[in-house]
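Enquirer:
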Amino acid sequence: MSAAPAGPPIYLDADACPVKDETYRVAERYGLTVHVVANSVLNLPREPWIVRVVVGPELDAADDWIAARAGPGSIVLTADVPLAARCVKAGATVLAFTGKPFSEAGIGLALATRDLMQSLREAGTITGGPKPFSRADRSAFLSALDRAVNRILRDRPKPV
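Mapping of the sequence shown onto UniProt numbering: residues 1 to 160, in sequence order.
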């Protein structure tokens with residue numbers, strides 16, 4: 001009989017992720033497994049708790065892999081709003097790379113904003129793009145991930 005995992009699995013949407021090292025640091029502290037999901041092979045630390053998942057080159061292959069596994073008690077890290085919406089609907093805790101949580105209450109607005117910005121870009125309107133990733137973003141992400149892990153660990157059923 002295998003032992004139960006120490007805590008929530010983390011599913012990292014790794015293509016263009018600026019917080020891989022921070023994710024590994026938190027996961028190591030709590031003994032968590034990180035599934036690093038990407039469309040191509042990434043250079044990762046060789047740790048038994050870091051699982052490399054290379055999906056096919058198809059559009060949304062990484063999103064589909066993550067969404068199929070996300071649910072209550074898991075953590076999804078992504079900047080992809082449609083993926084975040086799928087995972088929130090499945091009951092997962094979902095964080096953006098800036099530490100901003102995606103929630104049922106706010107995901108509709110996030111999707112609408114994303115769609116509006118995409119329409120403006122397609123129409124040729126210059127939108128300026130996202131602001132550069134900052135130290136404050138990195139710090140906010142670390143704090144949010146730590147809080148999410150602690151909340152899941154605190155709320156999980158106690159062994160009998």
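Even for Gly, the Cβ is constructed at its ideal location relative to N, Cα and C. It should be emphasised that the depicted structure is a prediction, and the values quoted were computed from it without experimental measurement.
Under DSSP, the alpha helix (DSSP H) around L83 begins and ends at which residues?
Expert: V81 to K89 is the span of the alpha helix (DSSP H), which, as asked, contains L83.
Enquirer: Using 10 angstroms around the beta-carbon of I10, count the other beta-carbons present and answer buried if the total reaches 16, otherwise exposed.
Expert: buried
Enquirer: Use the C-beta contact count for V41: other C-beta atoms within 10 angstroms, 16 or more gives buried, fewer gives exposed.
Expert: For V41, the number of other beta carbons within 10 angstroms of its own is below 16, and it is reported as exposed.
Enquirer: Check the C-beta distance from P18 over to F97 and give it rounded, since I have them as a contact under 8 Å.
Expert: Contact flag correct, Cβ pair sits at about 6 Å.
Enquirer: According to the Cβ coordinates, are A84 and T78 closer than 8 Å?
Expert: yes
Enquirer: Taking its Cβ as the centre, do 16 or more other Cβ atoms sit within 10 Å of P157, making it buried, or is it exposed?
Expert: exposed
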